[in-house]
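My numbering applies: residue 117 is where the sequence shown begins, and numbers increase by one. For each residue, glycine too, the CB sits at the ideal point set by N, CA and C. A short worksheet on the structure shown next.
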Amino acid sequence: MNEILPIIISTGVITAIITALFGKLSSDKALKIENITKERKEWRDQLRLLIARAVKAQQDKSINDIQLIEAELVVRLNPEDKDDLSILESVKAIKDEWSDDALQEFCDRVSYLLKHDWERVKQESTTKISPQTLAITTLFVMFAGMAVEPLMGISSAFITSAVIVLILFSLLALKEYIVKEYPQTKWLMYLTNTKYRKKYKNRVDRK
């Protein structure tokens, strides 16, 4: 009993430290995501207004209005993304043709961009691992380490630390390297409560 008590106390201390640290990191990330999400919402709202303005400009055949819309899109889109560049090309086609097809292509491309950004916001705001889950995992691994310590001669605290580091590193590697490089493994992301979505996978490629 005298030998087990210090181990239990150290287990509680380690668990509390890890939970507090992870909770602080999660809180900071949540605040950052909240701010970014708010900015993205405003960005999406502005794009929706541009669609409405483009419809009216096409009906009025107003070159000036289309040029203003194009100028706003230039500063709101990524100049290095081929799909965003296609949006700029589609808005230019409106003033060249004044056709319903050109307008529809522009609306479709912007709609898919809005859908993609909304899905990305939902994905990034999904909590991967909660502090409570990490604490329970820490306790489980610690007590498992206590059970095997007499057999292996390895400190249970060392086993716990090693396993936790391995888990966190594996989740990071899974998201940042494996799934991004090999999309066919995207089903693995469901294990960490998230989804992999290829950028603009539903975007229409109009001729």
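- The DSSP-derived three-state label of lysine 177 is coil.
- Using a Cβ distance threshold of 8 Å, isoleucine 185 and arginine 164 do not count as a contacting pair.
- Taking a cut-off of 8 Å on C-beta distances, the region 223–242 touches the region 195–208, as three or more cross pairs fall below it.
- By the beta-carbon neighbour count (other beta carbons within 10 angstroms, threshold 16), leucine 166 is buried.
- Here tryptophan 159 is near arginine 192, since their CB atoms are less than 8 Å apart.
- Cβ contact annotation for aspartate 200 (same chain, cutoff 7 Å, sequence separation greater than five): Leu193 and Asn194, in chain order.
- Assigned with DSSP and collapsed to three states, glutamate 196 falls in coil, not helix or strand.
- Buried is the label assigned to isoleucine 182, since at least 16 other Cβ atoms lie within 10 Å of its Cβ.
- Taking 8 Å as the cut-off, the beta carbon of tryptophan 214 is found no closer than this to the beta carbon of glutamine 162.
- When the Cα atoms are used, valine 237 and lysine 177 turn out to be separated by approximately 36 Å.
- For the pair glutamine 239 and lysine 211, the Cα-to-Cα distance works out to about 37 Å.
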